[in-house]
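What follows is a short report on a single structure.
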Amino acid sequence: MSRPWILICPSSRGIGFHLTRHLLHTTRTPILATTRSPDPSPLHTSLLANLITPLDDPSCRLSILPSVDLTSESSLALASRRAASRFPPDHHHLHLPFCLPGILHAEKSTSQINYSDALEMLKVNVLGPMMLMKYFVGYMPRKATDMDLAGTELPPHAVWVNMGARVGSIGDNKLGGWFSYRSSKAAVHNLTRSLDRELSTRGGEKSMAASYHPGTVKTDLSKEFWGNVRSDVLMEPEVAVEKMARVVMGLGLEQRGRCWDYKGQEVPP
Numbered sequence: 135m136s137r138p139w140i141l142i143c144p145s146s147r148g149i150g151f152h153l154t155r156h157l158l159h160t161t162r163t164p165i166l167a168t169t170r171s172p173d174p175s176p177l178h179t180s181l182l183a184n185l186i187t188p189l190d191d192p193s194c195r196l197s198i199l200p201s202v203d204l205t206s207e208s209s210l211a212l213a214s215r216r217a218a219s220r221f222p223p224d225h226h227h228l229h230l231p232f233c234l235p236g237i238l239h240a241e242k243s244t245s246q247i248n249y250s251d252a253l254e255m256l257k258v259n260v261l262g263p264m265m266l267m268k269y270f271v272g273y274m275p276r277k278a279t280d281m282d283l284a285g286t287e288l289p290p291h292a293v294w295v296n297m298g299a300r301v302g303s304i305g306d307n308k309l310g311g312w313f314s315y316r317s318s319k320a321a322v323h324n325l326t327r328s329l330d331r332e333l334s335t336r337g338g339e340k341s342m343a344a345s346y347h348p349g350t351v352k353t354d355l356s357k358e359f360w361g362n363v364r365s366d367v368l369m370e371p372e373v374a375v376e377k378m379a380r381v382v383m384g385l386g387l388e389q390r391g392r393c394w395d396y397k398g399q400e401v402p403p
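Going by this note's numbering, the sequence shown opens with residue 135, and the numbers climb by one from there.
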């Protein structure tokens with residue numbers, strides 16, 4: 135029997151930080167969180183601070199991988215080996231990987247495009263998820279995997295989640311602008327679709343992939359734009375991750391390979 139584990143990358147701030155706390159509180163599943171810092175102790179302490187759960191002692195389920203840099207392949211290769219040591223693949227499988235990197239440089243016109251900024255965004259937002267897929271998809275269940283999900287509060291199939299965005303939709307692009315960020319998120323949606331095809335082949339109905347659009351959340355990524363968003367639309371991160379977990383946990387196999395928003399509605403390609 136194969137027991138599940140959860141990956142949240144990165145977990146040191148923003149949505150990743152609050153999602154880690156939320157899943158520690160609402161599931162009994164071991165969580166592997168990542169940070170770029172070489173010292174995992176501060177993050178471990180902050181993730182568990184004032185966290186009260188009726189299920190168990192969450193500190194026993196939280197492991198942190200230090201020095202994980204999504205723009206460094208050697209870093210991800212090492213992280214993968216450490217993950218396999220913590221969760222031996224013979225008896226464990228990766229059930230909920232959340233790939234959440236993101237940086238934003240917003241351009242209102244082509245004259246504002248900066249090559250260095252755009253390149254950095256593509257490295258983090260596109261190549262980061264791509265390389266994480268390379269080193270961690272192999273831990274997801276295959277057709278022959280005998281999954282033991284008893285008492286886990288997890289969906290019956292594994293779900294790889296990439297952080298998408300509505301601005302990555304080509305069909306929904308009515309305003310233009312944000313050239314590099316739009317391009318990066320459109321690429322993420324395509325990555326997700328391609329990954330889902332691979333997971334369907336190797337895992338059948340036991341694994342799938344989806345992208346997720348969280349809406350506008352009060353994190354550092356969107357801080358510059360809070361003033362342009364209605365107060366009833368701008369979400370606190372604790373609320374955003376609760377919605378995220380609910381949508382992801384509820385995704386059926388018929389919804390695979392596409393992008394879904396915090397309302398559970400599809401973001402058009």
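Where is the CB? At the ideal position from N, CA and C, for every residue including glycine.
Check whether the Cβ atoms of residue i and residue j lie closer than 7 Å to each other.
i, j, result
"A321", "L333", "no"
"L325", "M265", "no"
"L228", "Y269", "no"
"H347", "A299", "yes"
"L238", "L355", "yes"
"R276", "R336", "yes"
"L166", "M267", "no"
"M383", "P290", "no"
"R137", "H226", "yes"
"G349", "Y315", "no"
"I140", "G150", "no"
"P192", "L185", "yes"
Would you tell me roughly how many angstroms separate the C-alpha atoms of residue i and residue j, rounded to the nearest one?
i, j, result
"L309", "Q246", "16 Å"
"R216", "I304", "38 Å"
"T169", "V351", "21 Å"
"P174", "T187", "22 Å"
"G311", "R364", "21 Å"
"S339", "E241", "For clarity, residue 339 is Glu in the given sequence; the question names Ser instead. The alpha-carbon atoms of E339 and E241 are separated by roughly 41 Å."
"L385", "A252", "32 Å"
"G262", "L204", "5 Å"
"L212", "P164", "20 Å"
"L387", "N307", "27 Å"
"S345", "W394", "6 Å"
"E372", "L177", "17 Å"
"P172", "S209", "11 Å"
"E254", "F313", "13 Å"
"E207", "K319", "21 Å"
"S341", "L182", "29 Å"
"N259", "G302", "12 Å"
"G148", "P223", "30 Å"
"N248", "E358", "18 Å"
Mind checking residue i: buried by the 16 CB within 10 Å criterion, or exposed?
i, result
"P144", "buried"
"V404", "With the chain covering only 135 through 403, there is no way to say anything about residue 404."
"S250", "exposed"
"A284", "exposed"
"S146", "buried"
"D190", "exposed"
"R390", "buried"
"M135", "exposed"
"R331", "exposed"
"R392", "buried"
"S243", "exposed"
"R380", "exposed"
I'd like to know if residue i contacts chain D, where contact means its C-beta is closer than 7 Å to some C-beta of that chain.
i, result
"I165", "The displayed structure is made up of one protein chain only, and chain D is not part of it."
**Item:** Three-pair Cβ contact test at 8 Å for the stretch 285-301 versus the stretch 224-238
**Value:** yes
**Asked** Quick one: any contact between the stretch 155-167 and the stretch 371-391, if contact means 3 or more CB pairs under 8 Å?
**Response** yes
**Message:** Which runs of the alpha helix (DSSP H) at least 4 residues long sit entirely within the stretch 291-333? Give them in chain order.
**Reply:** none
**Message:** Which runs of the beta strand (DSSP E) at least 3 residues long sit entirely within the stretch 143-193? Give them in chain order.
**Reply:** 165-168
**Contiguous beta strand (DSSP E) assignments of at least 3 residues, all confined to the stretch 215-266** = 226-233
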